[in-house]
Amino acid sequence: MPEGLTAAALAEAVEHLVRQRDGILMIKLGGSALDDPAAAERCLRGVAVLHQLRFPLLLLHGGGKAIDRAMQQAGLTPRKIAGRRYTDTETLAIVVRVLQQINRDLTRQLQQLGVAALSALDLQPFPLEGELLSWKSEDGSAVDLGWVGTVARVNQAAIRVCIEQGQVPIFPSLAAYAASPLGWLNVNADTVAASLAGALAVTRAVFLTDTPGVLRHPTDAASVIPELTAAEAQALMDQGVIHGGMIPKVEACLQALEAGAATAVILDGRRPFALLELFLHKSAGTRLRR
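If you count by numbering that gives the first Met the number 0, then the sequence shown holds residues 0 to 289, one letter each, in order.
As structure tokens, then:
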């Protein structure tokens, strides 16, 4: 037991955590939670504690930086169109390989921590069905993104069965698509998060990132805004307070809320006990609500 922590304080903390076990908690792993081994281990240990306390859990991940590295090793230059990775067949093969490897690694690591982790890749058929993403340029002309998709249908019943049995399904940012040469579409991880949040009516959607939260003053890490309504967040984006790389993070939260999540949280995945702080009424990230 850490020095200074009494048995009474520990019991009170556990009781407080258990009282908040009120619905599915969806966690999107991103940033250092995927790319920094030490930060990733801390995040996964937090997941393990919540699992031991019988929180219904659902995890998903992307693989942006790892995919970029794999493409460069293959002599390919990553190409983005409107923030989406252009995905030809050669790129799709790399995306699928990298995401499947990350997924298997996360599943194995969580299992070693005592979590009943289940790779969603082992669910047949895969619960996320996709369709090609239609995108238009500013002049209204169609943009070819290759094998990039969005989620068309979620087999939420199959996912619920896993969660109700005490398993923790882990999803890569892919969707099944029979017409694709590899049977998959590359889907933005935030799009997957919003789709899962809506289909499963999750209580909380947590986005682990490399930022302490939404900052009122971008250069002041201590200026975290603890809570925002969707309307307030949109206003801050319009005013330019929320800008740059924070915009897609906030938009992902808003999409999750619109899809049905009760609360969405931008949380610093680099903090050692970030997931637990979220439930212990400590200053942890920015909470967004409808």
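We put the CB at the ideal spot given by N, CA and C, even for glycine.
Cα-Cα separation between residue i and residue j, rounded to whole angstroms
i, j, result
"G82", "A204", "22 angstroms"
"T190", "W183", "15 angstroms"
"R53", "I26", "15 angstroms"
"A38", "P171", "19 angstroms"
"P211", "V150", "29 angstroms"
"Y85", "A115", "35 angstroms"
"E276", "A177", "42 angstroms"
"E130", "L181", "14 angstroms"
"A221", "F278", "20 angstroms"
"F125", "H216", "43 angstroms"
"I241", "A232", "8 angstroms"
"V186", "A174", "7 angstroms"
"K79", "V17", "43 angstroms"
"M0", "C42", "Only weak support exists for where M0 lies, its pLDDT of 47 falling under 50; the coordinates are left without a value."
Bridge-paired residues (DSSP) for residue i
i, result
"N185", "V147 and L173"
"R107", "Beta-bridge pairing links R107 to no other residue."
"S118", "I169"
"M79", "Before going further, note that residue 79 is Lys rather than Met in the sequence given. According to DSSP, which records beta bridges pairwise, K79 is partnered with R84."
"T285", "I265"
"L98", "In DSSP, L98 forms no bridge with anything."
"E130", "T149"
"F296", "This structure gives no information on residue 296, because the portion of the chain shown stretches from 0 to 289."
"L279", "The partner list for L279 (beta bridge, DSSP) is empty, contrary to what the question assumes."
"K135", "A141"
"H60", "L28 and P171"
Candidates the options: closest to residue i by CA position
i, options, result
"V46", "Q108, G182, N102 and V94", "Q108"
"G244", "R269, A261 and V213", "V213"
"L49", "G197, R68, A69 and R20", "R20"
"G284", "E257, T76, A260 and C252", "C252"
"G74", "L58, I93 and L56", "I93"
"A200", "A32, E257 and Q166", "E257"
- Task: Could you say if the segment 159-172 and the segment 112-120 meet the contact criterion of at least three C-beta pairs nearer than 8 angstroms?
- Result: Verdict: yes, contact present.
- Query: Three or more beta-carbon pairs under 8 angstroms between the segment 61-68 and the segment 90-102, yes or no?
  - Reply: The segment 61-68, when compared against the segment 90-102, does touch it at the 8 angstroms Cβ threshold.
- Just checking, does the segment 242-260 make contact with the segment 268-282 on the three C-beta pairs under 8 angstroms criterion? Look at the beta carbons and you see the segment 242-260 not touching the segment 268-282: under three pairs across the two are nearer than 8 angstroms.
- Residue ranges of each beta strand (DSSP E) within the segment 226-266, 3 or longer: Fully enclosed beta strand (DSSP E) runs of 3 or longer: 226-228.
- Message: Restricting to runs no shorter than 3 residues, where is the beta strand (DSSP E) found entirely within the segment 6-38?
- Response: You should have 24-28.
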